[in-house]
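Okay, so the sequence shown: first residue is 49 according to this note's numbering, each after it adds one.
Here the structure is laid out as structure tokens; the discussion comes afterwards.
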Amino acid sequence: MTPGLMTPGTGELDMRKIGQARNTLMDMRLSQVSDSVSGQTVVDPKGYLTDLNSMIPTHGGDINDIKKARLLLKSVRETNPHHPPAWIASARLEEVTGKLQVARNLIMKGTEMCPK
């Protein structure tokens, strides 16, 4: 390949950095909106960002919901092991909860069970 045209990196996404960048961008936009209306604040930027942060779960949802989802997806995988979406959904659940190695293992097992 031509030097300079290759993107460095591992190809993995860091969801926290993406979230932080989104919050920074939102903060800048809110600052612009609050300054653009001749001294009147249309939106309370700090309160709005605080509300946004409180709406974003830190671990992807309630613990009991995650346990139920794991149990349901395990049942789907055992019932129909040649169904690729079950393996993908299971891996995504583990990825969202921060268990990347478990997610990788599920994808590898899924590729063995669903070779096409």
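In this text, a Cβ means the ideal position worked out from N, Cα and C, and glycines have one as well.
Please report the residue range of the alpha helix (DSSP H) in which residue i lies.
i      : result
ASN112 : 111 to 127
GLY158 : 148 to 161
CB-CB under 6 Å to residue i, same chain, minus the five flanking residues each way: which ones, in chain order?
i      : result
LEU148 : none
Alpha carbon to alpha carbon, what distance is there between residue j and residue i?
i      : j      : result
ALA26  : GLU143 : This structure gives no information on residue 26, because the portion of the chain shown stretches from 49 to 164.
ASN153 : ARG140 : 12 Å
HIS130 : GLY67  : 35 Å
SER171 : ARG118 : Outside the modelled stretch of the chain, which goes from 49 to 164, sits residue 171, for which no answer is possible.
LEU121 : THR159 : 16 Å
LYS157 : ALA69  : 34 Å
THR72  : LYS65  : 10 Å
ASN128 : ASP62  : 32 Å
ASN112 : PRO133 : 22 Å
I'd like the list of long-range same chain contacts for residue i, defined as Cβ closer than 8 Å, with 5 residues on each side in sequence excluded.
i      : result
ILE136 : ILE155, GLY158
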